[in-house]
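Notes for the one structure printed next.
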Ligand code: URP
Ligand code: ZN
Ligand code: ZN
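Numbering (the working numbering), first residue to last: -5 to 473.
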């Protein structure tokens, strides 16, 4: 199928220009003025609209088995919802259980993801350590296109990685040319605070943010960053929710360390008063970790994005319906942690970022696709409207308006954390692998059309870092 997108303004991270775009054979084959439609091409009139790289959500959890249940959104429904919102690729997570063989878990997730309708890739979590984990990390990087490993510093008694695991896995990542990523919360402190609150009689969702204060996040972010500094490996901190973790990142970057930070659309826009909502279902629907924070933190996170100290936006899309959240009716510690948003990330960021002047359109492209593509080493195949890139494109209508609601969205969850939000600016068309998969409110997707995207190990960072590590080796003193 070939497609001509005519009369729009192409917006990339580095520049905007009036140009037509031709997609053929799944790739972008021409970007230029007054292009003629190839015979039989579908023509999209993009007059008055922006033609941007499809979004990359670098943090989702489709059908994740977690906290005694399984996330309600599967790879087919979740990637469909993403396409409806202009997101053409997700990076999800393989999360082996404690002692589970890495390759076995990886194969299991690959099988689950086969029904995806858009492209996808996987970070792999390191939840325990032995020689097999060390070896399997090598196999995953060399033979399976994995270049990032995830570490949960929270969730004690389940998937938490202690310092020994962090040190072993960060060092191994450096050898392999992979980047470690981290969920930064001090799991020991969270565990203790949860227990204390519960014993004091605080059993409802209001206990959730109290048990996970920003200091717990700041401490863990700083610890992961300093471990990475000593080992001379870059590090990526996922879902920064507060000033304290942003400060840890900013400080390290100012010192020349390669540290990257992600922020969730939800953490920029939803505040922690929701946990005191009188209706358990509403409060519980917002239980995710780290929790939503006060406006002081939201302001800091916006500034982090504007200054470039935070580079990517994500959703941590991990959906649980009310009947699943009810597991924690009498004990907030048992409410499955997770919220949705893969469909809404780009539109809420456009509305609250671009329409308010906090972000330029080019910055919007950077934080919704290009930076993720660069950090996870799939640029310029993804994250760019350029000849030779994958034809993953969103045509953006800046005048379109809508009110976000579970009644009209495509996400498979019964609550939307942006419910009722009125926004201006959303996709009119989404193109995935050169096919028009979403047009004027209607999805036209094919189960299984999504491809697993290999992400090669890093060269440029690692050459520099490995050189630094060698230079820093102590020289034996001759006597
Ligand atoms: O609450 C969350 N974020 N659930 C998904 C797992 C994680 O921590 O990312
Ligand atoms: Zn997390
Ligand atoms: Zn997550």
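We put the CB at the ideal spot given by N, CA and C, even for glycine.
Predicted model only: the values in this text are computed from it and were never measured.
For this session: Below 8 Å on the Cβ atoms is my guess for residue 80 versus residue 54; work out the distance and round it to an integer in Å.
Result: Taking a contact as a CB-CB distance under 8 Å, the pair residue 80 and residue 54 does not count as one, their CB atoms being some 15 Å apart.
For this session: Assign residue 360 to one of two classes, buried (16 or more other C-beta atoms within 10 Å of its C-beta) or exposed (fewer than that).
Result: That one is buried.
For this session: Kindly indicate the opening and closing residues of the beta strand (DSSP E) around residue 308.
Result: If you look at residue 308, you'll find it in the beta strand (DSSP E) that goes 306 to 308.
Exercise. Any idea what DSSP makes of residue 98, helix, strand or coil?
Worked result: Three-state DSSP puts residue 98 in a helix.
Problem set entry | Within 8 Å, strictly: CB atoms of residue 478 and residue 45 | Any answer about residue 478 is impossible in this case: the structure gives the chain only from -5 up to 473.
Exercise. With a Cβ-Cβ cutoff of 8 Å, do residue 356 and residue 9 count as a contact?
Worked result: Residue 356 places its beta carbon less than 8 Å from that of residue 9.
Exercise. Looking at the structure shown, is residue 291 part of a helix, part of a strand, or coil, going by DSSP?
Worked result: In the structure shown, the three-state DSSP call for residue 291 is helix.
For this session: May I ask which residues mark the beginning and end of the alpha helix (DSSP H) holding residue 356?
Result: Here the alpha helix (DSSP H) through residue 356 covers 355 to 359.
For this session: Consider the C-beta atom of residue 239 and the heavy atoms of ligand 1; say whether any pair is separated by less than 7 Å.
Result: Ligand 1 has no heavy atom closer than 7 Å to the beta-carbon of residue 239.
Exercise. Is it buried or exposed for residue 43, if we count other Cβ within 10 angstroms and need 16 for buried?
Worked result: That one is buried.
For this session: Would you mind working out which of 432, 137, 282 and 289 sits nearest residue 100, comparing C-alpha positions?
Result: Considering only alpha carbons, the answer is 137.
Exercise. Using the beta carbon as the reference atom, which residues fall closer than 7 Å to any heavy atom of ligand 3, ordered along the chain?
Worked result: Output, sorted by chain position: 53, 55, 87, 177, 232, 233, 310 and 312.
Exercise. Whole-angstrom Cβ separation of residue 419 and residue 348, contact assumed at under 8 Å?
Worked result: Right, their Cβ atoms sit about 7 Å apart.
For this session: Report buried or exposed for residue 93, applying the criterion of at least 16 other Cβ atoms within 10 angstroms of its Cβ.
Result: Under this definition residue 93 is an exposed residue.
Problem set entry | residue 185 - containing beta strand (DSSP E), residue span | According to the DSSP assignment, residue 185 belongs to no beta strand (DSSP E) but to the alpha helix (DSSP H) extending over 181 to 193.
Exercise. What is the DSSP secondary structure of residue 89, counted as helix, strand or coil?
Worked result: It is coil, neither helix nor strand.
For this session: Return the first residue and the last residue of the alpha helix (DSSP H) that residue 0 is part of.
Result: No alpha helix (DSSP H) holds residue 0; the beta strand (DSSP E) holding it covers -4 to 0.
Exercise. What number of angstroms, rounded off, separates the C-alpha of residue 380 from the C-alpha of residue 24?
Worked result: Computed Cα separation, rounded: 8 Å.
Exercise. Are residue 480 and residue 343 touching if we call contact CB-CB under 8 Å?
Worked result: Any property of residue 480 remains undetermined from this structure, which presents the chain solely from -5 to 473.
Exercise. Taking just the CA atoms, how far does residue 345 sit from residue 256?
Worked result: Distance between the alpha carbons of residue 256 and residue 345 is about 19 Å.
Problem set entry | C-alpha gap between residue 208 and residue 162, whole angstroms | For residue 208 and residue 162, the distance between alpha carbons rounds to 27 Å.
For this session: Determine the burial state of residue 284: buried for a count of at least 16 other Cβ atoms within 10 Å of its Cβ, exposed for fewer.
Result: Buried, by the Cβ-count rule.
Exercise. Got a sec? Which residues, its chain only, sit under 6 Å from residue 386 by beta carbon, not counting five neighbours each side?
Worked result: If we look at residue 386 and ignore the five residues flanking it on each side, its Cβ neighbours are 48, 82 and 426.
For this session: Starting from the Cα of residue 159, find the closest Cα among 442, 320 and 144 and give me that residue.
Result: Nearest of 442, 320 and 144 to residue 159, Cα basis: 144.
Exercise. According to DSSP, which residues form a beta bridge with residue 390?
Worked result: Per DSSP, 44 and 421.
Exercise. With a cut-off of 8 Å, do at least 3 Cβ pairs link the segment 410 to 424 to the segment 4 to 22?
Worked result: No: the two stretches stay apart, fewer than three of their Cβ pairs being nearer than 8 Å.
Exercise. For residue 12, which residues does DSSP report across the bridge?
Worked result: BP columns for residue 12 point to 3.
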